[in-house]
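Colleague: Here it is, the structure, as structure tokens.
Residue numbers (this note's numbering): 61 to 432.
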């Protein structure tokens, strides 16, 4: 089916529209681009060829740095419901570090801001302890931050020790093996696609998930038992399942580049799912055929049933078990997957780049076609 054919129904179910979000983002970036001329030929000059990507480049002489910003979004409410805050740092770093590394930037530094209603020292301590652990995993230094008390401008789950929003900006340095960032400009038909498995929802699709869970289990959905086949790993309640932290992929992709293996493009699979995110780096009119993706998490399959949405819609709102896609040479795809596995990630050759602009997925639910 096409990406937009079920939009009226899914928009009502999810409470937001991917299309409207994409349009607003493009418009915001249009205005941002108008400021690029202020640094033309000066330190901090932005790149002009990464529009639509996951992060951008700023130049300081011969040094090329990447910069990107993101936040955790409504996954924060799950932490407020379960009163556990020490895993959210992995989500915060994953959202920005993995946006950087898909453009070839190795994340180095992060600055964050926590907007709160009323400050709670213990909650902030838990948040920062988790951020510390995630930073150690990804070799990032947290070099700046701000805590702002905003009173009733910040809302959230009633009764939580602290309601808050958490966002960050990260910078990284272009990997020394690359002459320029990975923009997708070198993607060609016949190249291979390698997928990295995501063991959680990461930080996307939570508005749809929370609506479905509330409809199925009521307001206290986070306490409802989870009975999926992976409950031993994911948790015994839906709250535990939805709080499972994001796996940070940037160290694995960095290891691939360190090994001198070719990477022509990469996509971070978050809101918008596999097709919407992969299209951001499928340039030159190419598309993809993905016939060997990782299976969706059992929780995602259950949620799709609870939400009453089709597989095609589920693959637009969640990563469905696939957190990142890398484009490499066909004869190097097995080596790229092996390098990722050696770094501790689950990876497999998932498909190939095609001359047709659509993204076609062959999954357990059938064949899904997202037109270019």
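Beta carbons are placed, not taken as given, at the ideal position from N, Cα and C, and that holds for glycine.
Please report the residue range of the alpha helix (DSSP H) in which residue 124 lies.
Modeller: Numbered from its first residue, the chain shown carries residue 124 at position 64. Not the alpha helix (DSSP H): residue 124 falls in the beta strand (DSSP E), residues 123-131.
Colleague: Mind the definition here: the segment 260-269 touches the segment 119-139 only if three or more C-beta pairs lie below 8 Å; say whether that holds.
Modeller: Touching, per the Cβ criterion.
Colleague: With H, G and I counted as helix, E and B as strand and the rest as coil, what does DSSP make of residue 226?
Modeller: Here the question's residue 226 lines up with position 166 in the chain shown. Of the three classes helix, strand and coil, the one that applies to residue 226 here is strand, per DSSP.
Colleague: Between residue 414 and residue 338, what straight-line distance do the alpha-carbon atoms span, to the nearest angstrom?
Modeller: For the purposes of this step, residue 414 is taken as the residue at position 354 of the chain shown. For the purposes of this step, residue 338 is taken as the residue at position 278 of the chain shown. Looking at the two C-alpha atoms, the distance is approximately 13 Å.
Colleague: Between which two residues does the beta strand (DSSP E) containing residue 328 stretch?
Modeller: On the chain shown, residue 328 is found 268 positions in, with the first residue counted as 1. Segment 325-328, the beta strand (DSSP E) holding residue 328.
Colleague: May I ask you to report which of helix, strand or coil DSSP gives residue 350?
Modeller: Position 290 of the chain shown, counted from the first residue, corresponds to residue 350. The answer is strand: DSSP assigns residue 350 an E or B state.
Colleague: How many angstroms separate the CA atom of residue 117 from the CA atom of residue 126?
Modeller: Your numbering for residue 117 matches position 57 in the chain shown. Your numbering for residue 126 matches position 66 in the chain shown. Whole-angstrom Cα-Cα distance: 4 Å.
Colleague: Can you give the Cα-Cα distance for residue 406 and residue 206, rounded to whole angstroms?
Modeller: By one-based count along the chain shown, residue 406 stands at place 346. By one-based count along the chain shown, residue 206 stands at place 146. For residue 406 and residue 206, the distance between alpha carbons rounds to 36 Å.
Colleague: Of the residues 223, 106, 169, 348, which one's Cα is nearest the Cα of residue 142?
Modeller: The residue you call residue 142 lines up with position 82 of the chain shown. Ranking the options by Cα distance to residue 142, first place goes to 223.
Colleague: Identify the continuous beta strand (DSSP E) that holds residue 412 and give its terminal residues.
Modeller: Reading the chain shown from its first residue, position 352 is the one you call residue 412. Run containing residue 412: 407-414, per the beta strand (DSSP E) assignment.
Colleague: Could you give the DSSP three-state label for residue 120: helix, strand or coil?
Modeller: Within the chain shown, numbered from 1, the residue matching residue 120 stands at position 60. Residue 120 falls in the strand class under three-state DSSP.
Colleague: Within the same chain, show all residues whose beta-carbon is closer than 7 Å to that of residue 363, passing over the 5 residues directly before and after it, in chain order.
Modeller: Position 303 of the chain shown, counting from 1, holds the residue named residue 363. Closer than 7 Å at Cβ, skipping near neighbours: 269, 272.
Colleague: Just to confirm, are residue 297 and residue 283 a CB contact at a threshold of 7 Å?
Modeller: Translated into the one-based positions of the chain shown, residue 297 becomes position 237. Translated into the one-based positions of the chain shown, residue 283 becomes position 223. Cβ atoms of residue 297 and residue 283: closer than 7 Å.
Colleague: Nearest by alpha-carbon distance to residue 346: which of 420, 119, 279, 356 is it?
Modeller: Residue 346 sits at position 286 when you count from the first residue of the chain shown. The shortest Cα separation from residue 346 among 420, 119, 279, 356 belongs to 420.
Colleague: When you compare each of 357, 227, 256 to residue 411 by their alpha carbons, which one comes out closest?
Modeller: Stepping through the chain shown from its first residue, residue 411 is reached at position 351. Minimum Cα distance to residue 411 is reached at 256.
Colleague: For residue 232, which residues in the same chain have their Cβ closer than 6 Å to its Cβ, ignoring the five residues on either side in sequence?
Modeller: Taking the chain shown and counting its residues from 1, one reaches residue 232 at position 172. Excluding residues within five positions, the ones whose Cβ falls inside 6 Å are 126, 160, 165, 166, 167, 168.
Colleague: Which residue's Cα is closest to the Cα of residue 300: 128, 146, 92?
Modeller: By one-based count along the chain shown, residue 300 stands at place 240. Minimum Cα distance to residue 300 is reached at 146.
Colleague: In chain order, what are the residue ranges of uninterrupted alpha helix (DSSP H) at least 4 long that sit wholly in the segment 137-183?
Modeller: Runs found: 148-161.
Colleague: Would a C-beta distance cut-off of 7 Å place residue 333 and residue 400 closer than the cut-off?
Modeller: As a first step, residue 333 must be located in the chain shown, where it is residue number 273. As a first step, residue 400 must be located in the chain shown, where it is residue number 340. No, Cβ-Cβ distance for residue 333 and residue 400 is not below 7 Å.
Colleague: Take residue 357 and list the residues in its own chain whose beta-carbon comes closer than 6 Å to its own, dropping the five residues that flank it on each side.
Modeller: What you label residue 357 is simply residue 297 of the chain shown in a count that begins at 1. 381, listed in sequence order.
Colleague: So, using beta-carbon positions, are residue 409 and residue 325 closer together than 7 Å?
Modeller: Counting from one through the chain shown, the residue named residue 409 turns up at place 349. Counting from one through the chain shown, the residue named residue 325 turns up at place 265. Not in contact: residue 409 and residue 325 (Cβ atoms no closer than 7 Å).
Colleague: By how many angstroms is the C-alpha of residue 248 removed from the C-alpha of residue 152?
Modeller: Along the chain shown, one-based indexing puts residue 152 at 92. Along the chain shown, one-based indexing puts residue 248 at 188. So the two alpha carbons sit approximately 33 Å from each other.
Colleague: How is the beta strand (DSSP E) around residue 253 delimited, first residue to last?
Modeller: Stepping through the chain shown from its first residue, residue 253 is reached at position 193. Where residue 253 is concerned, the enclosing beta strand (DSSP E) stretches over 252-257.
Colleague: Are the beta-carbon atoms belonging to residue 170 and residue 115 less than 7 Å from one another?
Modeller: Against the chain shown, residue 170 aligns to sequence position 110. Against the chain shown, residue 115 aligns to sequence position 55. No.
Colleague: What distance in whole Å lies between the Cβ atoms of residue 158 and residue 310, which are believed to be in contact at a cut-off of 8 Å?
Modeller: In the chain shown, counting from the first residue as 1, residue 310 sits at position 250. In the chain shown, counting from the first residue as 1, residue 158 sits at position 98. 6 Å between Cβ atoms; contact.
Colleague: For residue 207, name the three-state secondary structure that DSSP assigns.
Modeller: Locating residue 207 in the chain shown gives position 147, where the first residue counts as 1. In this structure, residue 207 counts as strand in the three-state DSSP scheme.
Colleague: Between residue 201 and the rest of its own chain, which residues show a CB-CB distance below 8 Å, the 5 nearest in sequence each way excluded?
Modeller: By one-based count along the chain shown, residue 201 stands at place 141. Only 168, 169, 170, 195 meet the Cβ criterion.
Colleague: Classify residue 63 as helix, strand or coil using the three-state DSSP reduction.
Modeller: For the purposes of this step, residue 63 is taken as the residue at position 3 of the chain shown. Its pLDDT being 39, under 50, residue 63 is placed unreliably by the model, and nothing is read from it.
Colleague: With a threshold of 16 other CB atoms inside 10 Å of the CB of residue 172, please say whether the residue is buried or exposed.
Modeller: Translated into the one-based positions of the chain shown, residue 172 becomes position 112. Looking at its Cβ environment, which holds 16 or more other Cβ atoms inside 10 Å, residue 172 is buried.
Colleague: Work out the CA separation of residue 292 and residue 246 for me, nearest whole Å.
Modeller: Residue mapping note: residue 246 aligns to position 186 of the chain shown, counting from 1. Residue mapping note: residue 292 aligns to position 232 of the chain shown, counting from 1. Approximately 42 Å, taken between the alpha carbons.
Colleague: Using a Cβ-Cβ cut-off of 6 Å (strictly less than) and excluding sequence neighbours within five positions of residue 317, which residues of its own chain qualify?
Modeller: Counting from one through the chain shown, the residue named residue 317 turns up at place 257. Around residue 317: 235, 237.
Colleague: May I have the straight-line CA-CA distance separating residue 397 from residue 385, to the nearest angstrom?
Modeller: In the chain shown, residue 397 corresponds to position 337, counting from 1. In the chain shown, residue 385 corresponds to position 325, counting from 1. Cα to Cα, residue 397 sits roughly 11 Å from residue 385.
Colleague: DSSP state of residue 218, grouped into three classes?
Modeller: The residue labelled residue 218 in the question sits at position 158 within the chain shown. Note: residue 218 maps to coil in three-state DSSP.
Colleague: Taking Cβ positions, are residue 140 and residue 215 nearer each other than 7 Å?
Modeller: Against the chain shown, residue 140 aligns to sequence position 80. Against the chain shown, residue 215 aligns to sequence position 155. No; because the gap between Cβ atoms is not below 7 Å, this pair is not in contact.
Colleague: Beta strand (DSSP E) containing residue 427: first to last residue?
Modeller: As a position in the chain shown, residue 427 is number 367, starting the count at 1. Per DSSP, residue 427 belongs to the beta strand (DSSP E) from 426-430.
Colleague: Can you tell which of 250, 306, 329, 340 has its C-alpha closest to the C-alpha of residue 198?
Modeller: Numbered from 1 along the chain shown, position 138 holds the residue referred to as residue 198. Residue 198 has its Cα closest to that of 306, out of 250, 306, 329, 340.
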